[in-house]
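> Residues 46 to 129 (my numbering) are what the sequence shown spells out, left to right.
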Amino acid sequence: LQNVVEISSKKILRNADVVVATCVGAGDPVLAEIPFWSVVVDECTQATEPAVLVPFTTAARSIRQLILVGDHHQLPPTIISRDA
Numbered sequence: 046l047q048n049v050v051e052i053s054s055k056k057i058l059r060n061a062d063v064v065v066a067t068c069v070g071a072g073d074p075v076l077a078e079i080p081f082w083s084v085v086v087d088e089c090t091q092a093t094e095p096a097v098l099v100p101f102t103t104a105a106r107s108i109r110q111l112i113l114v115g116d117h118h119q120l121p122p123t124i125i126s127r128d129a
């Protein structure tokens, strides 16, 4: 049953026009098998740099476009550094 679910999931994802995931969720091994032309990170000012690297590196072999979207007037940037 698990194999049937996995095969079905891969088929659905391969045929999808758009796949939506969190930055960390984009690191799922199933997504690594699917070629993506573009990666869009929405609200990127709220994401930490390591989190944004997950979808980028997952799709690195096929990605042609990385789009970072964020409005610093709507939500402030996430800053972890005490020196910043």
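All residues carry an ideal CB built from backbone N, CA and C; glycine is no exception.
Being a predicted model, the structure only gives us computed values, none of them experimental.
With a 10 Å radius around its C-beta and 16 neighbouring C-beta atoms as the bar for buried, classify residue 105 as buried or exposed.
That one is exposed.
> Ordered along the chain, which non-local residues of its own chain (more than five positions away) have a Cβ less than 6 Å from that of residue 115?
Excluding positions up to five away in sequence, the list reads 88, 89, 90.
> Using 9 Å as the threshold, is the C-beta distance between residue 24 and residue 69 below it?
Here the chain comprises residues numbered 46 to 129, so residue 24 is not present and cannot be evaluated.
> Return the residue from the list 48, 82, 47 that minimises the CA-CA distance to residue 61.
Checking every option, the nearest Cα to that of residue 61 belongs to 82.
> With DSSP as the reference, label residue 98 as helix, strand or coil.
Helix.
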